[in-house]
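Position 308 of the sequence shown, counting from 1, maps to 785 under the numbering used here, and the rest follow consecutively. Glycine included, every Cβ here is placed at the ideal spot set by N, Cα and C. No experiment lies behind these values; they were computed from the predicted model shown.
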Amino acid sequence: MTLSVYMPESPFDLDKNEIKKAVKAIMNGRIKPEHINSLEIALFYPQMDDKSWHQILDGRGASKAYQDKIYSEPMVRLLTLKALLIPKFLPDFLIWMQTAPKPDDCWESCHKLQASILAEDQKNTPSLPFLTRNINDGIYSLLSRLITTPKSSPLDSKIQHKLRGLVHDKVDIPQLVKATQSLLNEKDGLWSLVYRVYFAKDLADALTQIPDLWQPGIITDYSEEKAEFLTHLQPFWKYPRKTDKKYLPLAQLFEELSFPHAAIFYQISTGNVPQNIFNQVSPRRGVKKGTLFEMTLIRQKGWGDHLHSALDAGIDFVRENLILTRVIGLLLVGGIGLTTRGIISLIANQSNKALEARMDEKIATLKDELKSLTEISYENKGRFHRTNEAIKAMTTNLTPDITQLTPEQLTTIGIPDNVQDNQIYIVLFCVRKILGLDQNLQYGEIGKDNERWQEFSDAIKDYQEDKEANTSDGVIDEGGRTQKWLEEDIRNQCLNPPDGG
Numbered sequence: 478m479t480l481s482v483y484m485p486e487s488p489f490d491l492d493k494n495e496i497k498k499a500v501k502a503i504m505n506g507r508i509k510p511e512h513i514n515s516l517e518i519a520l521f522y523p524q525m526d527d528k529s530w531h532q533i534l535d536g537r538g539a540s541k542a543y544q545d546k547i548y549s550e551p552m553v554r555l556l557t558l559k560a561l562l563i564p565k566f567l568p569d570f571l572i573w574m575q576t577a578p579k580p581d582d583c584w585e586s587c588h589k590l591q592a593s594i595l596a597e598d599q600k601n602t603p604s605l606p607f608l609t610r611n612i613n614d615g616i617y618s619l620l621s622r623l624i625t626t627p628k629s630s631p632l633d634s635k636i637q638h639k640l641r642g643l644v645h646d647k648v649d650i651p652q653l654v655k656a657t658q659s660l661l662n663e664k665d666g667l668w669s670l671v672y673r674v675y676f677a678k679d680l681a682d683a684l685t686q687i688p689d690l691w692q693p694g695i696i697t698d699y700s701e702e703k704a705e706f707l708t709h710l711q712p713f714w715k716y717p718r719k720t721d722k723k724y725l726p727l728a729q730l731f732e733e734l735s736f737p738h739a740a741i742f743y744q745i746s747t748g749n750v751p752q753n754i755f756n757q758v759s760p761r762r763g764v765k766k767g768t769l770f771e772m773t774l775i776r777q778k779g780w781g782d783h784l785h786s787a788l789d790a791g792i793d794f795v796r797e798n799l800i801l802t803r804v805i806g807l808l809l810v811g812g813i814g815l816t817t818r819g820i821i822s823l824i825a826n827q828s829n830k831a832l833e834a835r836m837d838e839k840i841a842t843l844k845d846e847l848k849s850l851t852e853i854s855y856e857n858k859g860r861f862h863r864t865n866e867a868i869k870a871m872t873t874n875l876t877p878d879i880t881q882l883t884p885e886q887l888t889t890i891g892i893p894d895n896v897q898d899n900q901i902y903i904v905l906f907c908v909r910k911i912l913g914l915d916q917n918l919q920y921g922e923i924g925k926d927n928e929r930w931q932e933f934s935d936a937i938k939d940y941q942e943d944k945e946a947n948t949s950d951g952v953i954d955e956g957g958r959t960q961k962w963l964e965e966d967i968r969n970q971c972l973n974p975p976d977g978g
């Protein structure tokens, strides 16, 4: 089944009697090259729209077989033909077969018809570009059905109970996904052949177009079925952080079909991409982000990432508890011992009441010092809270800028690989850079330690003075001028890597 274009010789080649004869013959299992040619020629003409095909096919009993669930072999062949000629009917056809008393018999009849058409096609002089087009559009229609809820019709209400609740808004998506997978994996099947040699590339090419098609409705060069599917996808490029779980069946389907662009649909549905799929489209090992068709892909965390997180948490724990070392140092200077338990034990063994009193006094002093080291003052706690809220707002505002950067650009900026998917870390890195602070200054310590807060606040105050602010109070207020200045400087000076970065 090739893809070269065949054009009928003249408009007089359209003969509806020949079309009806071809439909009748194929329905009864008598398939000849001239029958296939008649359908191919008819598909060329715009006047042979869905309505015209319905009239011809219903004249042989297609709608009645669908409504009344008539699963005789001729009717399965007739509805298979309808799914080939009317792309929008393909999802309903699969549901109809899946809900038959003996679905396997239906699948066998459907497959035999496809194999017969392929066998006869080998004898054809012309190719079948228009039938190929219809089959391709049918696959797009099927994918759209997996993510949308079509409008119901009076016809649906009559047959819904017969189809065990699997029509339209009651569609069992996993069952339809399974049927789709079977259809596209069939050996010697029309849909599977078109999927392999045409559709997979067509979809990949279409995905490259989406970033340029921001507004719904401007896709004019595609078929209705293809345009509908791509229009559904457009918002995920316009709003990069948007996700929708409805797309997970598509991701799983494409993974089963070994289509590497399943990565796009995992990112859309879950916000990240399984490692095995991510590695197919981003061969550089160890990175957490990649780009495909201008969409940022985030690799799903594996055990190694969780190990790094645990180690980082351990390091933070040690840093936050360095104060313990300071207290121990004070105890050592007092010549008492290494632990409070040791101090208490020593006191208990002393009979000298004066020594016990002195030790109580020393312990109380150490507790006061410990408190002064670990607790930020009430006033500074309020200032930190105001600043922290502003930094959260900055992170939200700067996230779109961050997600546009590639892993290589983030590395150029100075962001370590293991935190490139952490927007708050990147914003804090940039804040420290703009304020001229040491990158080793832990933000978590600033809200706990007066000394650390003062260092951070003084840097803010210097920045405000450089900007000639009316008030240099050393605080970033949410929505205030200092926040806006910082956001602008971060975009221009921190999130704007040099060319080639």
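- Residue burial annotation: Ser746 is buried, with at least 16 other C-beta atoms found within 10 angstroms of its C-beta.
- Under the three-pair Cβ rule at 8 angstroms, the stretch 536-548 counts as touching the stretch 576-583.
- Nearest in C-alpha terms to Glu585, of all of Arg554, Arg537 and Lys497, is Arg554.
- In the three-state reduction of the DSSP assignment, Ile775 falls in the strand class, which pools E and B.
- According to the DSSP secondary-structure assignment, Thr768 is paired through a beta bridge with Thr773.
- Here Ala560 is buried. Its C-beta has 16 or more other C-beta atoms within 10 Å.
- Close CB contacts of Ala728 within its chain, under the 6 angstroms cut and outside five residues either way in sequence, are with Ala739, Phe742, Tyr743 and Ser746 (chain order).
- For Val952, the CB contacts under 6 angstroms within the same chain, skipping 5 residues up- and downstream, are Arg860, Arg863 and Thr864 in chain order.
- In this structure, Leu590 sits away from Ala656, with a CB-CB distance that is not shorter than 8 angstroms.
- With a cutoff of 8 angstroms on beta-carbon distance, Asn973 and Asn927 are scored as not near each other.
- The stretch 928-936 makes no contact with the stretch 869-886; the number of CB pairs closer than 8 angstroms stays below 3.
- By the criterion of a C-beta distance shorter than 8 angstroms, Asp915 is surrounded in its chain by Arg909, once the five residues flanking it on both sides are discounted.
- Beta-bridge analysis with DSSP links Val750 to Arg776.
- Membership of His862 in the alpha helix (DSSP H) is indicated by the continuous run Tyr855 to Thr880.
- A straight line joining the alpha-carbon of Glu885 with that of Ile911 spans about 21 angstroms.
- In the three-state scheme derived from DSSP, where H, G and I count as helix and E and B as strand, Met552 is classed as helix.
- Across the set Gly921, Lys664 and Ile650, the C-alpha of Gly921 shows the shortest separation from the C-alpha of Leu905.
- For Thr685, the uninterrupted alpha helix (DSSP H) run begins and ends at Ala677 to Gln686, by DSSP.
- Between Pro717 and Thr625, the beta carbon gap of about 22 angstroms keeps them out of contact (Cβ cut-off 8 angstroms).
- Tyr940: member of the alpha helix (DSSP H) spanning Asn927 to Asp943, first to last residue.
- By the 16-neighbour rule on beta-carbons within 10 angstroms, Val674 is exposed.
- Check the Cα spacing between Ile533 and each of Lys493, Ile967 and Leu595: the tightest is with Lys493.
- Less than 8 angstroms divides the Cβ of Asp614 from the Cβ of Glu702.
- Taking C-alpha positions only, His709 is separated from Asp898 by approximately 26 angstroms.
- Residue environment: Gly666 is assigned as buried (16 or more neighbouring CB atoms within 10 Å of its CB, all protein chains considered).
- Just measuring C-alpha positions, the residue of Phe566, Asp526 and Ile496 sitting nearest Arg537 is Ile496.
- Assigned with DSSP and collapsed to three states, Val896 falls in helix.
- Trp668 is positioned such that its CB atom lies closer than 8 angstroms to that of Leu660.
- Bounds of the alpha helix (DSSP H) holding Ala499 are Lys493 to Met504.
- Just measuring C-alpha positions, the residue of Leu963, Gly924, Met574 and Gln919 sitting nearest Lys938 is Leu963.
- Less than 8 angstroms separates the beta-carbon of Phe706 from that of Leu620.
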